[in-house]
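Asker: The structure that follows is given in the form of structure tokens.
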Amino acid sequence: MGDLLIERVEIYEAKLLYRQPFTISLGTSTYSVDVIAKVYDDEGNVGLGETSPSRKILGESEHTIEAAMRDIAPILIGEDPERLELIEERMDKAILGNTAAKLALEMAVIDLIGKRRKIPLWRMLGGYREKIETDFTIGIKKPEEMAKDAVELVSRGFRVLKLKVGTNPEEDLARVKAVRDAVGNSIRIRIDANQGWSVKTAVKVLNEMQRYDVELAEQPVKWNDIEGMAEVRMMSPIPIMADESVHTPEDALKVAMMEAADYINIKLTKAGGILKARRIAEISEAAGIPNMIGCMMEGGISITAAVHFACGMRNVVTSDLDSDISLKQDVVEDGSAKLENGYRIPPDEPGLGNLRLRDDMLRYIATYKERSEGEEF
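The sequence shown begins at 16 in the working numbering and counts up one residue at a time.
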């Protein structure tokens, strides 16, 4: 098989509107401006990638992502997409961090590889399962409103619900109670405080919350307080999941060594790509810590990649892949990961699949055709 080199990279924006405002302990959002990459080889094949900004979790906006891509995208020109480890190394040398920007480009390259090999991504990654159950996340609202949403979601086939909390402890308890009372005992409930509690508050709330049969509590304390999260884990009857505390493989190793979490939530945007996400999963598995695969507010391209990842990797035992379902209109018109009775199913076509985009939602940003080696300092 001869070399098939990257010829050009195109960058687009797509404004994705939510069906309703989405509130977590860090704030409220009504839309996301996602950045989409198209990577072409010299035979006209194209790979797709998408990333979602997060100012408060990633420190990246659509503007910083596009600026970083000016440094990163030219590095891809003339490269063999199959040399993925080398491409990753060169992107990391070009600019520190900027994980969201790197994800979109790496995802597009991997999609291109899958199309060249004629293999779906989930099979390339290991092909462990054909589908994975997802929860659906309910944002912070009044208890009765969250309960109403929960009943509606159960009627649509979801058997796992994730409730956003992390504000006032009494209100958080009322929210969980209202949802449990509304859906009964057969539905699994997990909660996510998004760093909203102190160690003391987290321990108190989680000990009171256990009466509502909560299966796990995600990121109860500040992202950089690993010691505090370990303390919460020791004193909590509810298993603890690390999310914002784990961006890199090194973060996963630290959390594992400090015994700070029972689960680790992997997000492709946090990790900066599928390769790094796989390393996090492998470190987690070696430490005996199962993974969830989660999402920011991505559309169907990135969610489809995450579903492929979840189905390919043995250590990913559960998922939170619902953001595309929460949009008024997705940038993907057809071909993305399916949702059936609460399960996400990856396409079985090569790469990410035969994703057809709504071109009228794409705003052109830039094209890169000239190679650059990047800066060293």
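Glycine included, C-beta positions come from ideal geometry on N, C-alpha and C.
So, at 7 Å on beta carbons, what are the nonlocal neighbours of residue 143 in its own chain, with the 5 sequence-adjacent residues on each side left out?
Answerer: Hits under 7 Å: 326, 327, 328, 329.
Asker: Taking the alpha-carbon of residue 202 as reference, which of 230, 319, 184 has the nearest alpha-carbon?
Answerer: Checked all of 230, 319, 184; the closest Cα to residue 202 is 230.
Asker: For residue 397, collect the residues of the same chain with a Cβ closer than 6 Å to its Cβ; drop the 5 residues on either side in sequence, then sort them by chain order.
Answerer: As displayed, the chain neither begins before 16 nor continues past 392, which places residue 397 out of reach and without an answer.
Asker: Leaving aside the five residues before and after residue 394 along the sequence, list all residues of the same chain whose C-beta is less than 6 Å from its C-beta, in chain order.
Answerer: As displayed, the chain neither begins before 16 nor continues past 392, which places residue 394 out of reach and without an answer.
Asker: Taking just the CA atoms, how far does residue 246 sit from residue 254?
Answerer: Cα to Cα, the separation comes out at about 12 Å.
Asker: Could you spell out where the beta strand (DSSP E) holding residue 174 opens and where it closes?
Answerer: Where residue 174 is concerned, there is no enclosing beta strand (DSSP E), given that its DSSP letter is neither H nor E.
Asker: Run through DSSP, which three-state label would residue 143 get?
Answerer: Reduced to three states, the DSSP call for residue 143 is coil.
Asker: Distance, Cα to Cα, residue 228 vs residue 50?
Answerer: If you take the alpha carbons of residue 228 and residue 50, they lie about 39 Å apart.
Asker: In this structure, does DSSP put residue 260 in helix, strand or coil?
Answerer: It is coil, neither helix nor strand.
Asker: Rounded to the nearest angstrom, how far is the Cβ of residue 271 from that of residue 308, given a contact under 8 Å?
Answerer: Not quite, the Cβ-Cβ distance comes to about 18 Å (not below 8 Å), so this is no contact.
Asker: Taking residue 323 as the reference, which of 29, 20, 139 has the closest Cα?
Answerer: Looking at the Cα atoms, 139 is the closest of the given residues.
Asker: Going residue by residue through the segment 88-149, where are the continuous alpha helix (DSSP H) segments of at least 4 residues, counting only ones entirely within it?
Answerer: Runs of the alpha helix (DSSP H) inside the segment 88-149: 99-109, 114-132, 136-139.
Asker: By Cβ distance, which residues of its chain are closer than 6 Å to residue 38, with the 5 residues on each side in sequence left out?
Answerer: Counting only Cβ-Cβ distances below 6 Å, and skipping sequence neighbours, we find 154, 155.
Asker: Locate the alpha helix (DSSP H) running through residue 170, then write down its first and last residues.
Answerer: Note, residue 170: alpha helix (DSSP H), 158-170.
Asker: Taking only three categories from DSSP, how would you classify residue 16?
Answerer: Low per-residue confidence applies at residue 16: pLDDT is 44, beneath 50, and the placement is therefore not dependable, though the value from the model is reported in the following sentence. Three-state result, residue 16: coil.
Asker: By the 10 Å Cβ neighbour count, where 16 or more other Cβ atoms means buried, how is residue 16 classified, buried or exposed?
Answerer: Here residue 16 scores only 44 on pLDDT, less than 50, and its place in the model is too uncertain to base an answer on.
Asker: Between residue 280 and residue 211, what straight-line distance do the alpha-carbon atoms span, to the nearest angstrom?
Answerer: The alpha-carbon atoms of residue 280 and residue 211 are separated by roughly 17 Å.
Asker: Could you check where the alpha helix (DSSP H) with residue 293 kicks off and where it finishes?
Answerer: Start and end: 289-301.
Asker: Taking only three categories from DSSP, how would you classify residue 347?
Answerer: Residue 347 falls in the strand class under three-state DSSP.
Asker: So, at 8 Å on beta carbons, what are the nonlocal neighbours of residue 382 in its own chain, with the 5 sequence-adjacent residues on each side left out?
Answerer: Excluding residues within five positions, the ones whose Cβ falls inside 8 Å are 23, 24, 25, 26.
Asker: Assuming residue 252 is part of the beta strand (DSSP E), what are its boundary residues?
Answerer: No beta strand (DSSP E) holds residue 252; DSSP gives it neither H nor E.
Asker: Over the uninterrupted beta strand (DSSP E) stretch that includes residue 47, give me the two end residues.
Answerer: Looking at the DSSP string, the run of the beta strand (DSSP E) that includes residue 47 is 42-56.
Asker: Would you report the Cα separation of residue 332 and residue 57, rounded to the nearest angstrom?
Answerer: Near 38 Å, if we compare the C-alpha coordinates of residue 57 and residue 332.
Asker: Give the straight-line distance between the Cα atoms of residue 171 and residue 356, rounded to the nearest whole angstrom.
Answerer: Rounded to whole angstroms, residue 171 to residue 356 spans 7 Å at the Cα level.
Asker: With DSSP run on the structure shown, which of helix, strand or coil describes residue 236?
Answerer: In this structure, residue 236 counts as coil in the three-state DSSP scheme.
Asker: Decide if residue 379 is buried, meaning its Cβ has at least 16 other Cβ atoms within 10 Å, or exposed.
Answerer: Answer is exposed; the Cβ neighbour count stays below 16.
Asker: Note down, in chain order, each residue of its chain lying with its Cβ closer than 8 Å to the Cβ of residue 34, except the 5 sequence neighbours on either side.
Answerer: Taken in chain order, the residues that qualify are 341, 342, 343.
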